Structure formats: structure tokens, C-alpha cells
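Heads up: the structure comes next, in C-alpha cells.
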Amino acid sequence: MKGDAGTSEPPVATDESRTAARPERRWGELVLAAVVTALGGYVLTTAGSIVVPGSTNTLGPRAFPYLVGVMLAGIGVVLAVLVLRGRAGQQEEGEDVDPEVRTDWLAVGLLVAALVVHVFAINVIGWPFAAALLFAAAAVVLGARPWWRAALIGLVLGLVIQVVFGGVLGLSLPAGPLLEGVPFLRG
Amino acid sequence: MDGFTTVLDPVYLLYALFGVFVGTAVGVLPGIGPAMTIALLLPLTYSMEPTAAIIVFAGIYYGGMYGGSTTSILLNTPGESASIVTALEGNKMARAGRGAAALATAAIGSFVAGSLATVALTFVAPFVARLAVQLGEPDYFALMVVAFVTVSALLGSSVPRGLASLSLGLFLGLVGTDTLTGQQRFTFGVPNLADGIDVVVVAVGLFAVGEALYVGSRMRHGPVEVIPVEKGRRAWMKRDDWRRSWKPWLRGAAIGFPVGTIPAGGADVATFLSYAAERRLAGKERRKQFGRGAIEGVAGPEAANNAAASGVLVPLLTLGLPTTATAAIILVAFQSYAIQPGPLLLVNESALVWALVASLYIGNVMLLVLNLPLVGMWVKVLRIPRHHLYAGILLFGALGSYALNFSPVDVLLLVLVGLAGFLMRRYGYPVAPMVVGMILGPMAEDRLRRSLAISQGDLSYLVTSPFAAAAYAAIAVVLVAGLWLRRRERTTGARV
């Protein structure tokens, strides 16, 4: 039933073929399995340096980490073997996910960048504007055109959330230097 | 009864209505399951008092469930797992111009089953709580092991990947200060990590950010296809539909509630069991309709889904044991108000618990009243352009983690967890076991160490209590039965 270990051909030629056939997917899975194994190794090596106070009876603070480390390392190895034998994971399905499309790594990178910029912008320009920035950037990356409409929606959304969460619900979101004096925006 | 007097206060009624409305609106959005709905809406309740927050949550919980079924009936593409069978039959019905009837049988079935299950919850919960008081430390540890094994084996398509996800969650749970000795573990010298990683950050990161990144990586472009719903009485449930629906509703409730109460995979398993039962019980003529839009196939599973949602609350409230990702996030919400679900909850916080149960009854009525006339609005919500939808999800996810401590570190952590969630989705690792592992891990460690402190290191103490022994035996049974069901599920899915 199963193909030769290590060949690039999928063992079963049903709908798995489109997922298992791409070699770079297998590399990705192997890397993930390796990360799990490595994390297990890390946990096992550092668990020994957790300080055990003298008063601890029987099971101290190291035992559970050792258990978790063994689990991580063991499962990581099992997964790597499974992937090498051609048993690839089934990617998750979803309403808005097109299984036929190749992964757009650029979009993922840009979305992450938008989030990071948002984080550092909060304290500089205030939450509503940082929020507008995040929304507009993410929407444009995902295909919103024209860009100024996404920016406008983002700005309105940011201000509305600021009023509702900061003003009404009392969450202390920083309004930023521009809106500092507006009373109903403050938490 | 006191619960009702609390909830019938106009202010709380308004809160309940708000929760139900928001829960449905967010639950309707494609790509957002009940777990993500609750995770995303957590910040709404940060500044509320506990009773109001719990009432809003009850509404969001049911509303999110209900919204999901609307999505799967009217959208062309498969949705969250608990409503996949609904998608199978309901979608076919909608295409045949019977969308209004499918939505109606789902709504009324959810109402009937949800109400019955809430009645069952009202009577079962105090009983289980009385039993639970007698459980010892090893018994609790055994229960948690049961939850670990079933959650990672049953929530997802691959057992090793489920276990990997669980182990990653257990690791995240280790980060922080050890509760029993006060030692820091795996904090990497970062002061913010000394208190541990906030579960909300991980839940929102895995469910919301991970999903948004994953969709972003392979977005379905082009216009959104929503199946139109005919208006007017002619398209609604006819007498024949009622006749064919009421038994599946009751059977769905009878299947869903018990399945929900045991840690066996939650609502997913309940819906598939109900679907299989309806298929089997249908006469020869009717069976042919299954897979082509049989109303029984919508009525039964939808009822089972809602009944299981109430069933899940039994172990959650009485044992503090979350058996699904959604329940795990509700547990987090409780804990953020310093409410610890467990056998003593019904004694210490009885007013709160009964307010929650009462708001489940009320929420059910509201859902029925709201949803039948508002379908047109939900259809509009379904049409939100996807780029705005996922940009909004990212924004609310970022807001939720930022508002925890108003510290940028939490949002950076959110991005990291989100990336992990993206990779896990991409390579078929279920994310739910990670959340459950992270929440239950520290609790399990606590119980284990206390047990062994009592027995002075004697490992056999863990299995000698009859309850614990039964629990470990049950793992074997549940695993075999659960995996058998999964296989059936897949063959059912393949056949249709």
C-alpha cells in the first residue's frame, strides 16, 4: 500500500497528491517536526537547571518539564519519520481557503510586518491611528482596492472602537497626542 | 430560580440581548468558529462586572454556535467542523431553493434542543458537583489525563499531530513561576514572562491571527458566493417539514447532551452521531435524499450541536474540566474574574452559576426571536469583502491582547503565536489541543505533585482509587470508540 520510503511520489494518489507531491511542503513539515524535537531537547537540557528548593518533597519543579520534554522530542521524531514515509499532514480547510492556490509567503510576511508596525505605532501616534494603519495595510495586502478606501474604513473603525471601548466601556486605550484633549475618547 | 430574577432585570436582559446579537453576528462571519468568536469578543467584557460578563458570554456562546450554521447553509464552502454535516444537507437544500426551511429547522431545532439540554444541565450539574466533592487529587489528575488524550486524539485528523500540539501547549503552560515552589521556569530572563504567558494571547493568536495569516496565504479570490434565500411563507417550513423535523430535534438533543458531557470530542462527534442516526432511521425512500438535501440531516445535527454545547458546560462548571477549545476559552474568561470552576463553584458562586444557566434559557428564546426575521441581515454580513473581514480579525485580535495589560510585549507575543498557528494549520496540526494543554497543563501538574506528596512518592497511589482506575480504563474505551467514530465520519463524508 505504501510507497518506497524517501521517494517524492505520494503513496496514495487521491486528493493527497496535490498536497504531498510538492517537495517544498515536505521540507516545511520536516522543519516543523525538527523544531518540535529541538524544543523537546531544549526543555530536557534546561529543566536540569531549574532551582529545586530544599523544602520540596518528592516531585519537584523539574519532573513535569522532563515529562513534557520527553513528549516533545519523542513526537517530533515520530512526525519526522511519518513525513519521510510519505504520510503528509492534511492542510486545514476553510470557507475562504482555496486549496488550489500556492502559498503566498509575501502576503504572510507583509501581514506580520503590519502587526509589528502597529505594535510600535501605538505609543507614538495613539491607538486609533495605529489601528487604522493595521487595518488599511492588512486590507490592501489581502487585495482591497483602492487603498484610500481601506484607509478611510480603518480610520473610522479605529475611532469608533476608541469611543466604544475607551469612552463607553472604560478601557484605557491611549488616544495619542493628536486626540489627547478629547474627553469622550479617554478611558 | 434566583438566577431568573437576576437575569430578568432589564439591564441584564439588555446584556443578554447584546451578547446573543454580537455572538451571532461574529459567528456568522465565515472562518470564525465558536472558539474564535469568544476569543475575539473577550475584550468586550474586560471592564464589565462578573455577572454581566457571564451573561454576555452565555449569549455569545450560543449565538456563535447558531451563526456558524447559518454560514454553512448559505455559503458554498465547508466551514467549521461542528457544522460540516449541516453544510452537507443544508447547503443542498439552500441550492434547491429551500434555504429558508433549512435555516428555520436549524433555528427551531437549536432552540428545542438547547432548551432541553439546559434543563438537563440544571438537574445534572448539582448532582455531578456533589459527586465531584468526594474526588481526591489522583482522581482529578486522572480526569485531566483523560481530557488530554481524548482532545488530542479526537480533535484533528492525525493523532501524532494532535499530541504534538498538546505537548506544545503543555510547554507554554510551563513558562512562568512554579506555583508550588515559586521557581521561575523557561522565562528566558524576560520579566514579563515571570507571570506566565497569558492564555488569551495564545487563544487569540492561534485562532484569530493564525487563521487570518493562513487565509492570507491562500485566499479564495473572486466574488463571494452566497446562496439567495427566498422570502415569503411558501419557502418556509411546510407541514411535512415539521413532521419530519420534530423527531430528529428530540433525538439530536438526546444524543448531543450526553456526548457533550463526556470528554469525547464535543460537538463534532455529537453532530456526526446524530447524522448517522437520522440516516439509519430514515425509511428507504428518505435515505436516498440524504446527501441531496434531507431536512432530517439538518434538524438532527443542529439540535445535537446545541445540546452538546450545554453538555460541555457540565464538566466545565462542576469539575473545571474543559473538553473542547471553546470550553477552554470560557474557562479562561471565568478565571479572568477570579472565578475557579470546580465542585465548589455551585456552592460558592451559586448566584453566578444560576444567572448563567438562566441566561442560557433566555438566550435561546432570544436567538429564536432574533434569527428567524434577521436572516436577511446575516446574509449581508456574509457578503463582507474578505479583505476587510480578515483585516478586521487582525485588528480585533491585536486589540484583545493589547488591552490585557496595555503592553506591546503581549501583541508581539501574539504575532509569534499567530505565526505558529499559521504553520500548524498549513501542516495539519490541530490548534485546539494546544489551548487545552496550556490551560490544563499547570492544573494537572499541580494535582500530580499534590497526589505524590500525599502518597510520599508512591506512584501506585495514582491508580488505586476506584475512580481513577475507571478513568484510565475509560481512556482505552473512549479512544477505541472515538477513533472508530472518526473513521465512520470519514466514510460517511466520503459516501455523500
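For the record, the sequence lines run as chains B and Z.
One point on numbering: in the working numbering, the residue at position 25 of the first sequence is 69, and numbering is uninterrupted.
One point on numbering: in the working numbering, the residue at position 452 of the second sequence is 531, and numbering is uninterrupted.
The beta-carbon is built from N, C-alpha and C at its ideal position, and this holds for glycine as well.
Quantities reported herein were computed from a predicted structural model and do not represent experimental measurements.
On the DSSP bridge list, what partners appear for residue i?
i	result
Gln263(Z)	Thr256(Z)
Leu154(Z)	Val305(Z)
Val454(Z)	DSSP output for Val454(Z) lists no bridge partner at all.
Val515(Z)	Note: Val515(Z) sits in no beta bridge, so no partner.
Met298(Z)	Val141(B)
Quick one: is residue i buried, meaning 16 or more other Cβ sit within 10 Å of its Cβ, or exposed?
i	result
Gly169(Z)	buried
His467(Z)	buried
Phe209(B)	buried
Ala175(Z)	exposed
Val161(B)	exposed
Val494(Z)	buried
Ser353(Z)	buried
Phe369(Z)	buried
Gln206(B)	buried
Thr543(Z)	exposed
Asn384(Z)	buried
Trp328(Z)	buried
Thr89(B)	exposed
Gly289(Z)	buried
Pro221(B)	exposed
Who are the Cβ neighbours of residue i in its own chain at under 6 Å, not counting the five residues just before and after it?
i	result
Gly520(Z)	Leu249, Gly252
Met115(Z)	Phe286, Ala287
Phe413(Z)	Pro420
Phe190(Z)	Asn443, Leu447
Ala282(Z)	Ala118, Ile408, Val514
Would you mind working out which of the options sits nearest residue i, comparing C-alpha positions?
i	options	result
Val212(B)	Tyr125(Z), Thr84(Z), Gly476(Z), Leu398(Z)	Tyr125(Z)
Gly112(Z)	Asp140(B), Glu73(B), Pro105(B), Leu111(B)	Asp140(B)
Pro337(Z)	Val444(Z), Leu424(Z), Leu195(Z)	Leu195(Z)
Pro420(Z)	Gly295(Z), Ala211(Z), Val198(Z)	Ala211(Z)
Glu144(B)	Gln135(B), Glu73(B), Pro109(B)	Gln135(B)
Gly153(B)	Ala181(B), Tyr110(B), Ala165(B), Ala91(B)	Ala181(B)
Asn450(Z)	Leu214(Z), Trp563(Z), Thr150(Z)	Thr150(Z)
Arg330(Z)	Val308(Z), Ile341(Z), Arg358(Z)	Arg358(Z)
Tyr440(Z)	Gly110(Z), Leu123(Z), Gly142(Z)	Gly142(Z)
Leu199(B)	Ala176(B), Ala132(B), Tyr110(B), Leu123(B)	Ala176(B)
Val75(B)	Phe97(Z), Ala499(Z), Pro487(Z), Phe83(Z)	Ala499(Z)
Pro380(Z)	Ala186(Z), Val557(Z), Ser389(Z), Thr350(Z)	Thr350(Z)
Thr197(Z)	Val436(Z), Ser530(Z), Leu538(Z)	Val436(Z)
Val305(Z)	Thr103(Z), Trp457(Z), Ile341(Z)	Trp457(Z)
Ser231(Z)	Trp563(Z), Ala511(Z), Leu214(Z)	Ala511(Z)
Ser389(Z)	Ala332(Z), Asp257(Z), Ala434(Z), Thr84(Z)	Ala332(Z)
Gly275(Z)	Arg462(Z), Ile518(Z), Arg526(Z)	Ile518(Z)
Val96(B)	Ala95(Z), Thr256(Z), Ala226(Z), Leu233(Z)	Thr256(Z)
Tell me which same chain residues have a C-beta within less than 7 Å of the C-beta of residue i, skipping the five on either side of it?
i	result
Leu222(Z)	Leu398, Leu400, Ala550
Pro205(Z)	Leu425
Tyr469(Z)	Ala291, Val294, Gly295
Thr184(Z)	Met316, Asp320, Ser324, Ile374, Val377, Ala378
Val184(B)	Trp191, Ala194
Val490(Z)	Ala477, Ser480, Tyr481
Ile139(Z)	Gly98, Val101, Gly102, Thr116, Ile117, Leu120
Thr165(Z)	Ser148, Ser151, Ile152, Ala185, Val377, Pro380, Glu381
Val432(Z)	Leu396, Leu424, Leu425
Just how far apart, CA to CA, sit residue i and residue j?
i	j	result
Leu247(Z)	Lys363(Z)	48 Å
Val105(Z)	Ile472(Z)	10 Å
Ile119(B)	Arg365(Z)	46 Å
Ala118(Z)	Val279(Z)	7 Å
Ser438(Z)	Val269(Z)	42 Å
Arg177(Z)	Gly345(Z)	29 Å
Tyr508(Z)	Phe265(Z)	24 Å
Ala91(B)	Gln263(Z)	11 Å
Leu150(B)	Arg297(Z)	11 Å
Leu396(Z)	Arg146(B)	44 Å
Val87(B)	Leu483(Z)	28 Å
Val80(B)	Trp171(B)	36 Å
Val90(Z)	Gly214(B)	18 Å
Leu527(Z)	Leu155(B)	42 Å
Leu562(Z)	Ala165(B)	48 Å
Apart from the five residues on each side of it in sequence, which residues of its chain come closer than 8 Å, Cβ to Cβ, to residue i?
i	result
Ala158(B)	Leu177, Leu178, Ala181, Ala182, Val185
Ala180(Z)	Met172, Ala314, Trp315, Met316, Lys317, Asp320, Ile374
Val454(Z)	Thr149, Ala179, Leu182, Val308
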